[in-house]
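K.L.:
Protein chains in written order, with the working numbering: chain A, 584 to 908; chain B, 5 to 295; chain C, 106 to 433. We treat Cβ as the ideally placed atom computed from N, Cα and C, and that holds for glycine. So that we are looking at the same thing, I have put the structure below in structure tokens.
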């Protein structure tokens with residue numbers, strides 16, 4: 584069995600706010616296996632942005648890491664110095680961000696930017712440019728060599744995102760973190776970007792941590808999925824297991840709400856009533872109990888992640904009392 | 005549920021945030037000191053600022069004269085306090101006038117038709133092209149030096165400063181989604197300008213004004229230093245600098261007494277203005293939360 | 106019976122001036138759209154960025170000037186109507202905007218915001234406090250929100266305020282621009298259910314502008330697909346979903362996968378990039394991205410074809426994919 588390229592163990596992160604510490608992540612654990620694509624699904628307030636910022640160590644000034652480790656290739660990222668992180672980011676850990684309109688420097692040509700980020704390599708400039716053009720072709724941008732001379736504004740959003748992916752994978756990282764890379768794109772462009780991402784991943788052989796709230800894309804792209812709610816991991820497993828046999832009421836409700844899932848036309852769409860709980864004054868017990876239709880006595884105690892099946896875990900008391908639900 | 009939204013009043017909100025910032029607090033304290041001493045000046049001055057007392061002239065600081073005396077035996081400390089009153093007497097009407105006119109012109113330039121905008125910008129550029137001091141000299145040569153002259157001159161040359169800012173803000177607000185929404189409800193131009201644009205412009209304007217006060221005070225001091233400002237024997241920090249400059253060998257305390265209040269005013273208002281700006285901005289953008 | 110809203114061959118043209126002396130370029134953001142919205146029904150306009158859907162919506166709401174064509178509300182021509190006369194109609198034709206918090210004037214309280222319509226329309230004799238209470242209750246917001254400001258509420262709550270404000274005067278036509286964009290999936294349903302309920306209660310006709318086909322499916326009666334300023338397909342929603350005629354419709358349907366890793370996906374990948382309105386492709390506007398393009402698609406402009414049952418489209422080779430299946 585391969586060692587996971589990223590192993591997050593019992594991570595807790597809080598933000599200092601005037602009302603008190605806001606516990607954005609509570610005992611979050613997950614493994615990203617080598618060369619696999621793992622999706623993180625969650626809605627606003629689930630903590631996925633905090634998680635990413637913790638991994639790349641670019642947290643807000645008022646953030647504090649409580650417990651936990653983030654092991655990248657067996658070394659804890661939380662112990663790394665700023666210099667060490669700088670040497671890792673862009674080389675072995677790359678990122679693609681949500682907003683393609685803001686990812687690139689608007690006053691430099693794409694070619695210059697793609698050559699610049701190869702600054703650690705001691706190749707002659709012409710070779711770097713050639714690599715850049717190759718990468719552009721790989722992500723499906725025609726006429727790559729000419730387009731290196733263009734500025735970001737001359738490309739559409741979908742193209743810019745593909746360029747961002749090309750740049751992220753040029754260094755052949757071990758881990759690519761993609762934070763909602765297709766959220767700002769039209770659906771038809773999303774299709775293109777996902778396809779390229781998959782192709783490149785196979786070629787480069789990196790692992791991908793893919794964050795999205797778009798369930799359909801996760802189902803299509805990812806091998807495994809982690810479902811987060813209000814700062815906790817509540818279910819994880821292979822995409823097939825989680826989407827076909829969701830064990831947690833939240834996952835089930837989320838799938839039910841997805842309009843793509845609802846086959847029959849209806850005037851009364853399902854929703855999850857209520858709001859995410861207060862993360863400053865975290866109530867005891869299961870984090871989802873206030874909105875759960877199956878809440879019962881045991882829920883007053885916080886459930887741990889337990890296996891439902893092989894490599895399929897859920898944090899829910901229903902799993903323990905009744906077995907596979 | 006985020007139930008704990010403390011809805012303080014606007015002023016309360018501003019004061020709360022100001023006091024959390026050390027420099028802002030320092031600015032607030034200094035400014036309050038200056039303002040209060042200016043208001044209460046006639047009652048708190050130990051001596052009559054224009055009362056001469058030749059035998060006691062050019063003394064250094066002592067218990068009876070905290071900052072010494074000037075060449076005519078007048079108490080410097082009293083003159084400093086009264087000078088502060090004069091400074092604010094110039095600064096406040098000047099800035100108030102410049103803001104009123106600049107606000108009006110800026111809003112109609114930013115929101116109105118292109119030809120009006122071009123015309124007003126031309127006016128602003130013309131006014132700005134006059135170097136303030138030259139303009140003041142010209143006016144004074146015509147009309148003679150006085151407090152009102154100084155106020156008028158500085159006000160006219162300050163209009164473009166506020167006008168341009170208001171114009172730019174109005175232009176950017178004009179294409180905001182909420183203005184379009186108001187138009188979709190049928191709001192008239194007057195309503196849009198008065199209810200929706202004006203309140204959003206006042207915040208940055210207030211910040212600008214706070215930072216501008218030291219400039220205006222400095223201008224007044226400069227004009228008075230050149231003899232173009234307030235007529236003697238009315239004390240002004242500028243005239244103190246002028247006297248101190250020529251008498252520096254006799255006593256350095258005159259020039260110190262003219263300079264230090266200017267420095268303090270600049271620092272105080274600048275700290276306050278910067279802190280105000282930090283308070284005003286995030287509110288306009290909305291509360292940033294943590295994800 | 107004539108429809109509540111009739112749009113005929115509307116063109117919305119923008120002139121971009123390039124310098125004082127040069128004559129500008131004109132671009133047609135909306136390039137000839139026909140549609141009808143019936144009283145009490147919902148019409149969905151679906152398109153991606155650059156399709157012109159928002160421009161069309163704003164032209165109907167009187168916020169953009171329509172250069173050509175006809176926009177008739179209850180038979181009355183709206184195009185070129187001076188604002189002084191349009192103002193009266195703004196009690197009946199209202200709009201909800203895409204940016205929920207950004208469309209609320211930041212310095213006004215929620216109470217002021219929902220009662221704005223009354224003040225603007227000069228209805229000061231109403232009890233504004235009571236109206237505010239009624240409106241907040243109508244959209245399911247707690248009364249204490251009345252004293253809050255836009256920066257103190259969430260996006261979903263701000264959308265409800267937008268609904269409350271739009272419906273304050275009991276309009277007949279609501280134009281909703283991306284009412285669910287940015288909302289979490291678990292609460293998207295709340296907004297759509299709210300709109301459906303209010304439609305039933307108030308007999309409201311709704312025009313929904315969105316890029317999300319799945320939203321449209323459940324709450325619209327009819328749908329129109331827009332591409333580069335033109336409608337490419339139109340018809341009763343269920344039929345369009347079951348039997349798309351135009352390749353772009355098919356691509357949109359295929360691009361919204363359901364969350365099922367084993368689903369049989371007919372992946373229709375569009376080639377290339379969305380073209381710019383400044384350089385319209387020749388012939389059929391869609392030809393350079395169409396996966397089923399035929400040789401003459403780049404020279405002959407397809408016409409809007411009515412195929413009965415309220416369905417129309419603009420493709421010279423509709424349902425090509427089915428033909429491919431048949432020939433294989």
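Does the stretch 607 to 617 of chain A come within contact of the stretch 822 to 835 of chain A, defined as at least 3 CB pairs closer than 8 angstroms?
P.N.:
These segments do not touch.
K.L.:
With 9 angstroms as the threshold, decide whether the Cβ of residue 607 (chain A) is near any Cβ in chain C.
P.N.:
Output row for residue 607 (chain A): interface = no.
K.L.:
What three-state label does DSSP hand residue 785 (chain A) in the structure shown?
P.N.:
Residue 785 (chain A) falls in the helix class under three-state DSSP.
K.L.:
Look up residue 411 (chain C) in the DSSP assignment and say whether it is helix, strand or coil.
P.N.:
In this structure, residue 411 (chain C) counts as strand in the three-state DSSP scheme.
K.L.:
How is residue 159 (chain C) classed by DSSP in three states: helix, strand or coil?
P.N.:
It is helical.
K.L.:
Is the distance from the Cβ of residue 244 (chain B) to the Cβ of residue 89 (chain B) below 9 angstroms?
P.N.:
No, the pair does not count as a contact, with Cβ atoms beyond the cut-off.
K.L.:
Taking Cβ to Cβ, would you say residue 116 (chain C) is nearer than 9 angstroms to residue 182 (chain C)?
P.N.:
No.
K.L.:
Looking only at its own chain, which residues have a Cβ that is under 8 angstroms from the Cβ of residue 48 (chain B), when we skip the five neighbours before and after it?
P.N.:
Excluding residues within five positions, the ones whose Cβ falls inside 8 angstroms are 41 and 85.
K.L.:
Within the same chain, show all residues whose beta-carbon is closer than 7 angstroms to that of residue 279 (chain B), passing over the 5 residues directly before and after it, in chain order.
P.N.:
These residues qualify, in order along the chain: 22, 25, 27, 28 and 31.
K.L.:
Would you kindly work out how many angstroms separate the C-alpha atoms of residue 121 (chain B) and residue 196 (chain B), rounded to a whole number?
P.N.:
So the alpha carbons of these two residues sit roughly 18 angstroms apart.
K.L.:
Which first and last residues belong to the beta strand (DSSP E) in which residue 718 (chain A) is found?
P.N.:
Premise fails: residue 718 (chain A) lies in the alpha helix (DSSP H), 708 to 721, not in any beta strand (DSSP E).
K.L.:
Does any residue of chain C bring its CB to less than 9 angstroms from the CB of residue 188 (chain B)?
P.N.:
Interface residue, yes.
K.L.:
Report the CB separation of residue 35 (chain B) from residue 273 (chain B) in whole angstroms; it is logged as a contact under 8 angstroms.
P.N.:
With 8 angstroms as the limit, residue 35 (chain B) and residue 273 (chain B) qualify as a contact, their Cβ atoms being about 6 angstroms apart.
K.L.:
For residue 195 (chain B), return the contacting residues in chain C, with the cut-off set at a CB-CB distance below 8 angstroms.
P.N.:
Chain C residues near residue 195 (chain B): 225.
K.L.:
Using only CA atoms, which one of B:184, B:271, B:117 and B:174 lies nearest to residue 208 (chain B)?
P.N.:
Closest by alpha carbon: B:174.
K.L.:
Looking at residue 248 (chain B) and residue 233 (chain B), is the spacing between their C-beta atoms short of 9 angstroms?
P.N.:
For residue 233 (chain B) and residue 248 (chain B), no; Cβs fall outside 9 angstroms.
K.L.:
Once the 5 residues before and after residue 105 (chain B) are set aside, which same chain residues still bring their CB inside 6 angstroms of it?
P.N.:
Taken in chain order, the residues that qualify are 163.
K.L.:
For residue 153 (chain C), tell me which candidate among C:289, C:271, C:313 and C:331 has the shortest Cα-Cα distance.
P.N.:
Selected option, being the one with the closest Cα: C:331.
K.L.:
Determine, for residue 204 (chain B), whether the minimum Cβ-Cβ distance to residues of chain C falls below 9 angstroms.
P.N.:
With 9 angstroms as the cut-off, residue 204 (chain B) counts as an interface residue toward chain C.
K.L.:
Just the Cα atoms here: how many angstroms apart are residue 276 (chain B) and residue 685 (chain A)?
P.N.:
So the alpha carbons of these two residues sit roughly 33 angstroms apart.
K.L.:
Terminal residues of the continuous alpha helix (DSSP H) containing residue 155 (chain B)?
P.N.:
Counting along the chain, the alpha helix (DSSP H) containing residue 155 (chain B) begins and ends at 151 to 178.
K.L.:
Using a Cβ-Cβ distance cut-off of 9 angstroms, determine whether residue 567 (chain A) contacts chain C.
P.N.:
Residue 567 (chain A) lies beyond the residue range present for chain A, which begins at 584 and ends at 908; the question has no answer from this structure.
K.L.:
If you reduce the DSSP assignment to three classes, tell me which class residue 826 (chain A) lands in.
P.N.:
In the structure shown, residue 826 (chain A) sits in a helix (DSSP, three-state: H, G or I).
K.L.:
Taking the alpha-carbon positions, what's the residue 139 (chain B) to residue 149 (chain B) distance?
P.N.:
So the two alpha carbons sit approximately 13 angstroms from each other.
K.L.:
With 16 as the cutoff for other CB atoms within 10 Å, does residue 906 (chain A) come out buried or exposed?
P.N.:
Confidence at residue 906 (chain A) is low in this model, with a pLDDT of 44, below 50, so the placement of that residue should be treated as unreliable; the coordinate-derived value is given next. So residue 906 (chain A) ends up on the exposed side.
K.L.:
Which of the three DSSP states is assigned to residue 427 (chain C) in this structure?
P.N.:
Here residue 427 (chain C) sits in helix by DSSP.
K.L.:
With the cut-off set at 9 angstroms, would you say residue 253 (chain C) and residue 296 (chain C) are in Cβ contact?
P.N.:
For residue 253 (chain C) and residue 296 (chain C), no; Cβs fall outside 9 angstroms.
K.L.:
Buried or exposed for residue 593 (chain A), please, with buried defined as at least 16 other CB atoms from any protein chain shown within 10 angstroms of its CB.
P.N.:
Exposed.
K.L.:
For chain B, check one thing: does any of its Cβ atoms lie closer than 9 angstroms to the Cβ of residue 248 (chain C)?
P.N.:
Closer than 9 angstroms: no.
K.L.:
Distance, Cα to Cα, residue 178 (chain C) vs residue 185 (chain C)?
P.N.:
Spanning the two alpha carbons is a distance of roughly 13 angstroms.
K.L.:
I'd like to confirm the pairing. Which residues does DSSP put opposite residue 200 (chain C) in its beta bridges?
P.N.:
Per DSSP, C:280.
K.L.:
Select from A:838, A:816, A:775 and A:761 the residue whose C-alpha is nearest the C-alpha of residue 681 (chain A).
P.N.:
It is A:761.
K.L.:
So for residue 793 (chain A), helix, strand or coil by DSSP?
P.N.:
Here residue 793 (chain A) sits in strand by DSSP.
K.L.:
Suppose the cutoff is 6 angstroms on Cβ atoms and the five residues either side in sequence are ignored; what does the same chain contact list for residue 792 (chain A) look like?
P.N.:
Correct list, in chain order: 615, 621 and 760.
K.L.:
Where are the beta strand (DSSP E) runs, 3 residues long or more, that stay fully inside the stretch 824 to 874 of chain A, in chain order?
P.N.:
Segments of the beta strand (DSSP E) lying fully in the stretch 824 to 874 of chain A: there are none.
K.L.:
Out of curiosity, what's the CA-to-CA distance linking residue 772 (chain A) and residue 744 (chain A)?
P.N.:
Approximately 10 angstroms, taken between the alpha carbons.
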